[in-house]
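Peer 1: Count along the sequence shown from 1, add 100, and you get the number used in this note's numbering. Note that beta-carbon positions come from the ideal geometry of N, C-alpha and C, so glycine has one too. All values derive from a computational prediction rather than experimental measurement.
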Amino acid sequence: MIRMSSNASARQRDLALLDAARASVENLSSGERLIVHPADWSDLQPMPRARATLHPDLAFDAAAMERIARGFVKHDMDAKWFIYLDRARLKLHRSWTGNLVFDAGFAFDADGGASVADLVVNRDSAQYNSSGDAEDLELFANVVRWHLLEDLEW
Numbered sequence: 101m102i103r104m105s106s107n108a109s110a111r112q113r114d115l116a117l118l119d120a121a122r123a124s125v126e127n128l129s130s131g132e133r134l135i136v137h138p139a140d141w142s143d144l145q146p147m148p149r150a151r152a153t154l155h156p157d158l159a160f161d162a163a164a165m166e167r168i169a170r171g172f173v174k175h176d177m178d179a180k181w182f183i184y185l186d187r188a189r190l191k192l193h194r195s196w197t198g199n200l201v202f203d204a205g206f207a208f209d210a211d212g213g214a215s216v217a218d219l220v221v222n223r224d225s226a227q228y229n230s231s232g233d234a235e236d237l238e239l240f241a242n243v244v245r246w247h248l249l250e251d252l253e254w
């Protein structure tokens with residue numbers, strides 16, 4: 101709507117403010133980011149009936165779980181994932197389609213760390229082309245590491 105304004109000087113001012121706000125948010129470290137919620141993205145799809153349940157050997161300490169709990173959202177065409185923690189389940193959706201690819205359940209320990217109790221993986225070939233269990237486990241672990249545990253350079 102700002103770009104459609106007929107007032108050129110107000111349009112330029114508002115666009116500059118919008119660009120500055122976007123840059124500020126995008127440059128936040130993971131510890132400064134707000135917590136992502138499902139309502140932050142439109143058109144999220146549920147897990148289809150075609151699915152597999154895997155049991156990976158993955159555990160995270162309390163500091164990692166704090167980062168994981170923040171989730172990931174990037175309003176950028178290069179970002180392929182929208183990720184949020186819903187109670188004790190981490191949901192990883194493809195950002196372009198809203199398709200739910202991974203749904204990980206956590207078992208929390210007394211210190212705030214957690215292990216992945218189960219990982220439900222989308223097996224609907226129209227939504228996600230799985231290369232097999234081992235590759236799915238590797239992709240899940242990499243997406244969590246790259247998008248939630250390490251600060252990305254965009």
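1) From 212, 233, 209, pick the residue whose C-alpha is nearest to that of residue 202; which is it?
2) Since residue 154 and residue 236 are thought to touch, with beta carbons under 8 Å apart, how far apart are those beta carbons, to the nearest angstrom?
3) In whole angstroms, what separates the C-alpha of residue 239 from that of residue 151?
4) Tell me residue 222's beta-bridge partners as DSSP assigns them.
5) Starting from residue 201, follow the alpha helix (DSSP H) in both directions and report where the run begins and ends.
6) State the DSSP-derived secondary structure class of residue 176, mapped to helix, strand or coil.
7) Between the C-alpha atoms of residue 186 and residue 226, what's the straight-line distance to the nearest angstrom?
8) By DSSP's criteria, residue 192 is part of a beta bridge. Which residues make up the other side?
9) Quick check: what's the CA-CA separation for residue 207 versus residue 156?
10) Taking only three categories from DSSP, how would you classify residue 216?
11) Among residues of its own chain, excluding the 5 on either side of residue 143, which ones have a beta-carbon nearer than 6 Å to its beta-carbon?
Peer 2: By the coordinates alone:
1) Within the sequence shown, the letter at position 102 stands for residue 202. Checking every option, the nearest Cα to that of residue 202 belongs to 233.
2) Taking the sequence shown and counting its residues from 1, the one referred to as residue 154 is at position 54. Taking the sequence shown and counting its residues from 1, the one referred to as residue 236 is at position 136. At roughly 7 Å, the Cβ-Cβ gap stays under 8 Å, so residue 154 and residue 236 are in contact.
3) Position 139 of the sequence shown, counting from 1, holds the residue named residue 239. Position 51 of the sequence shown, counting from 1, holds the residue named residue 151. One alpha carbon belongs to residue 239, the other to residue 151, and they sit about 16 Å apart.
4) Along the sequence shown, read from residue 1 onward, the residue named residue 222 stands at position 122. Answer by DSSP bridge pairing, in chain order: 151.
5) Within the sequence shown, residue 201 is the residue found at index 101, counting from 1. For residue 201, there is no enclosing alpha helix (DSSP H); the residue is found in the beta strand (DSSP E) stretching over 200-208.
6) The residue you call residue 176 lines up with position 76 of the sequence shown. In the structure shown, residue 176 sits in coil (DSSP, three-state: anything other than H, G, I, E or B).
7) Taking the first residue of the sequence shown as 1, we reach residue 186 at position 86. Taking the first residue of the sequence shown as 1, we reach residue 226 at position 126. Between residue 186 and residue 226, the C-alpha separation is close to 25 Å.
8) Here residue 192 refers to the residue found at position 92 of the sequence shown. Per DSSP, 183, 202.
9) Here residue 207 is taken as the residue at index 107 of the sequence shown, counted from 1. Here residue 156 is taken as the residue at index 56 of the sequence shown, counted from 1. Approximately 12 Å between the Cα atoms of the pair.
10) Numbered from 1 along the sequence shown, position 116 holds the residue referred to as residue 216. Looking at residue 216 - three-state DSSP - the assignment turns out to be strand.
11) Residue numbering aside, residue 143 sits at position 43 when the sequence shown is read from its first letter. Excluding positions up to five away in sequence, the list reads 198.
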